[in-house]
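Chemist: Right, I'll just put the structure down here and ask away after.
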Amino acid sequence: MKQNNCKIIGLTGGIATGKSTVTNFLIEKGNTVIDADKIARKVVEVGYPAYKQIVKEFGVEILNKDLTIDRAKLGSIVFNDEGKRKKLNSIVHPRVFQEISNLILSYCANQRIVFLDVPLLIEELDLFKKYNIDIDEIWLVYTDEEKQIERLIQRDNFTYEEAEKRIRSQLPMKIKKKYADRIIDN
Numbered sequence: 003m004k005q006n007n008c009k010i011i012g013l014t015g016g017i018a019t020g021k022s023t024v025t026n027f028l029i030e031k032g033n034t035v036i037d038a039d040k041i042a043r044k045v046v047e048v049g050y051p052a053y054k055q056i057v058k059e060f061g062v063e064i065l066n067k068d069l070t071i072d073r074a075k076l077g078s079i080v081f082n083d084e085g086k087r088k089k090l091n092s093i094v095h096p097r098v099f100q101e102i103s104n105l106i107l108s109y110c111a112n113q114r115i116v117f118l119d120v121p122l123l124i125e126e127l128d129l130f131k132k133y134n135i136d137i138d139e140i141w142l143v144y145t146d147e148e149k150q151i152e153r154l155i156q157r158d159n160f161t162y163e164e165a166e167k168r169i170r171s172q173l174p175m176k177i178k179k180k181y182a183d184r185i186i187d188n
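Using the numbering used here, you'd call the opening residue of the sequence shown number 3 and step up by one each time.
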């Protein structure tokens with residue numbers, strides 16, 4: 003879908019590259035940013051259909067005492083089993099993409115540019131096409147792998163191996179750079 007002559011700029015990066023910092027800067031400057039992670043968290047809130055499917059698939063062991071999904075527990079499951087990660091994505095992605103489409107249509111009625119903050123944008127380009135979302139430009143927030151590992155250890159208290167596993171679950175930054183229209187070196 004062409005979004006009413008609105009330019010969609012996909013902002014992406016690897017885990018712990020500083021994409022959130024860039025997103026916050028864009029928002030401070032008055033830009034509209036659709037945050038796919040926030041949408042993904044919203045669609046799995048208690049009572050939502052995706053929540054019910056996730057609990058059915060992964061069990062009540064992934065829940066906190068307040069019945070919200072323990073993202074760390076679920077993450078440790080899906081980052082250690084590709085099949086389970088794909089299953090989780092098959093539950094969450096359709097709902098996330100529908101909400102992104104709705105927001106793009108809404109914002110593009112009044113905006114010339116809308117940023118779309120998606121950590122796995124490049125890995126998911128086919129899904130954007132499947133859901134008829136046109137990305138006009140890709141901006142990549144880049145940092146080297148050692149800096150990513152350092153940030154993950156510091157930010158999330160991961161071991162070196164856990165940090166490395168999270169990074170390796172994503173497309174390498176050197177490949178992502180080939181897709182980028184602009185690179186923000188962070």
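Even glycine gets a Cβ: it sits at the ideal position worked out from N, Cα and C.
I'd like the span of the alpha helix (DSSP H) that includes residue 97, first residue to last.
Modeler: 84-110
Chemist: Given 7 Å as the limit, tell me if residue 170 has its C-beta closer than that to any heavy atom belonging to the ligand SAH.
Modeler: The ligand SAH is absent from the structure shown, which contains no ligand whatsoever.
Chemist: In terms of alpha-carbon separation, which member of 93, 127, 138 and 97 lies closest to residue 117?
Modeler: Ranking 93, 127, 138 and 97 by CA distance to the CA of residue 117 puts 138 first.
Chemist: What is the C-beta distance between residue 124 and residue 14, in whole angstroms, given that I count them as a contact (C-beta under 8 Å)?
Modeler: 6 Å
Chemist: Residue 64 and residue 71 - do their beta-carbons sit closer together than 8 Å?
Modeler: yes
Chemist: Going by other Cβ atoms of all chains shown within 10 Å of its Cβ, with 16 needed for buried, is residue 168 buried or exposed?
Modeler: buried
Chemist: Tell me whether residue 133 sits in a helix, a strand or coil according to DSSP, three-state version.
Modeler: coil
Chemist: Exposed or buried, what is residue 99 when buried is set at 16 or more other beta-carbons lying within 10 Å of its beta-carbon?
Modeler: Residue burial is scored here from C-beta neighbours: residue 99 has at least 16 other C-beta atoms within 10 angstroms and is therefore classed as buried.
Chemist: Could you spell out where the beta strand (DSSP E) holding residue 139 opens and where it closes?
Modeler: 139-144
Chemist: Note down, in chain order, each residue of its chain lying with its Cβ closer than 8 Å to the Cβ of residue 160, except the 5 sequence neighbours on either side.
Modeler: 154 and 168
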